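Engineer: First, the structure itself, so that you have it in front of you.
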Amino acid sequence: MTIANADGRLETPGKAISDVRVETGTTIVNDRFGGRQKFRAQGGFVAVTFRLENTGDEPIYARDPTLVVDGKRYSADPAKQTYLPVINPATIQPGAFETVAFLYDIPVPAARRGRSEGVLEVGADERETSADFATALGRIRLPGKLPPPRGSIS
393 MTIANADGRL ETPGKAISDV RVETGTTIVN DRFGGRQKFR AQGGFVAVTF
443 RLENTGDEPI YARDPTLVVD GKRYSADPAK QTYLPVINPA TIQPGAFETV
493 AFLYDIPVPA ARRGRSEGVL EVGADERETS ADFATALGRI RLPGKLPPPR
543 GSIS
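In this note's numbering, each residue carries its 1-based index in the sequence shown increased by 392.
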């Protein structure tokens, strides 16, 4: 297992992850669909964005990483993914990079601890970024403390 801090760079075969950003809140405000819309979390939102670079020779797939907080594993919510302003590409070609974003709707206590105690788990196989399907894992320690989820993520 390869481990990096959020302010560093996680390098695994065929890819590198850097520029990790985390935001929390109970609502997301989005202007993407032509009008201002507000979406409320069932619990608390944890939005994670990062730069995903393809350092290999084959396309890679931007699949959902797993958020781990207090030993519990959370999946990104694909139905709510469209609330974010970033649209994830299906594939990233060799030598290219993209900013990708993932949204987790998790219990408020876990969202409160997610930034300071959370870990993002990604596939460390050459072409796989999902921790669910990978044979090797990489982990990114999420940065610092955040205020508890209350406001909006925009």
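We put the beta carbon where it would ideally sit given N, CA and C, even for glycine.
Values in this document were obtained by computation on a predicted structure and should not be read as measured data.
For Gly448, tell me which candidate among Arg413, Ile532, Asp399, Ile484 has the shortest Cα-Cα distance.
Structural biologist: Here residue 448 refers to the residue found at position 56 when the sequence shown is read from its first residue. It is Ile484.
Engineer: Among Gly510, Gly406, Gly400, whose alpha-carbon lies nearest the alpha-carbon of Pro451?
Structural biologist: What you label residue 451 is simply residue 59 of the sequence shown in a count that begins at 1. With distances taken between Cα atoms, Pro451 lies closest to Gly406.
Engineer: Within the continuous beta strand (DSSP E) that includes Phe513, where are the two ends?
Structural biologist: Taking the sequence shown and counting its residues from 1, one reaches residue 513 at position 121. It is worth fixing the name first, because residue 513 is Glu in this sequence and not Phe. Here the beta strand (DSSP E) through Glu513 covers 511-515.
Engineer: Would you call Gly487 buried or exposed, if buried means 16 or more other Cβ atoms sit within 10 Å of its Cβ?
Structural biologist: Start at 1 with the first residue of the sequence shown, and residue 487 comes out as number 95. The residue in question, Gly487, is exposed, as its Cβ has fewer than 16 Cβ neighbours within 10 Å.
Engineer: Please name the residue, chosen from Gly435, Asp423, Asn422, Val492, that lies closest to Thr416 on a Cα-to-Cα basis.
Structural biologist: Along the sequence shown, read from residue 1 onward, the residue named residue 416 stands at position 24. Looking at the Cα atoms, Gly435 is the closest of the given residues.
Engineer: Using the C-alpha atoms, what's the distance from Arg504 back to Lys537?
Structural biologist: Here residue 537 is taken as the residue at index 145 of the sequence shown, counted from 1. Here residue 504 is taken as the residue at index 112 of the sequence shown, counted from 1. Residue confidence for Lys537 is low, a pLDDT of 47 falling below 50, so the modelled location carries little weight; the figure read from the coordinates is stated next. Between Lys537 and Arg504, the C-alpha separation is close to 9 angstroms.
Engineer: When you compare each of Asp524, Ala408, Leu459 to Ser414 by their alpha carbons, which one comes out closest?
Structural biologist: As a position in the sequence shown, residue 414 is number 22, starting the count at 1. In the sequence as presented, Ser is not what sits at residue 414; that position holds Val. Checked all of Asp524, Ala408, Leu459; the closest Cα to Val414 is Leu459.
Engineer: Taking Val500 and Thr491 to be in contact with their CB atoms under 8 angstroms, please state how far apart those CB atoms are, rounded to whole angstroms.
Structural biologist: Taking the sequence shown and counting its residues from 1, the one referred to as residue 500 is at position 108. Taking the sequence shown and counting its residues from 1, the one referred to as residue 491 is at position 99. About 27 angstroms; that fails the 8 angstroms criterion.
Engineer: Can you grab the Cα-Cα spacing for the pair Val438 / Leu444, in whole Å?
Structural biologist: As a first step, residue 438 must be located in the sequence shown, where it is residue number 46. As a first step, residue 444 must be located in the sequence shown, where it is residue number 52. Near 19 angstroms, if we compare the C-alpha coordinates of Leu444 and Val438.
Engineer: With DSSP run on the structure shown, which of helix, strand or coil describes Ser508?
Structural biologist: As a first step, residue 508 is located in the sequence shown; it is residue number 116 there, counting from the start. Note: Ser508 maps to helix in three-state DSSP.
Engineer: Under 8 angstroms Cβ to Cβ from Ala516, same chain only, skipping five residues before and after it: list those, please.
Structural biologist: Residue mapping note: residue 516 aligns to position 124 of the sequence shown, counting from 1. For Ala516, where only same-chain residues beyond five positions count, the Cβ hits under 8 angstroms are Met393, Thr394, Thr404, Pro405, Ala526, Ala528, Leu529, Gly530.
Engineer: If you count every other CB in all the chains shown that lies within 10 Å of the CB of Asp497, and 16 or more means buried, which is it?
Structural biologist: Within the sequence shown, numbered from 1, the residue matching residue 497 stands at position 105. Buried.
Engineer: Which residue from Ile420, Arg401, Val412, Ile409 puts its Cα closest to that of Tyr475?
Structural biologist: Taking the sequence shown and counting its residues from 1, the one referred to as residue 475 is at position 83. The shortest C-alpha separation from Tyr475 is found at Ile420.
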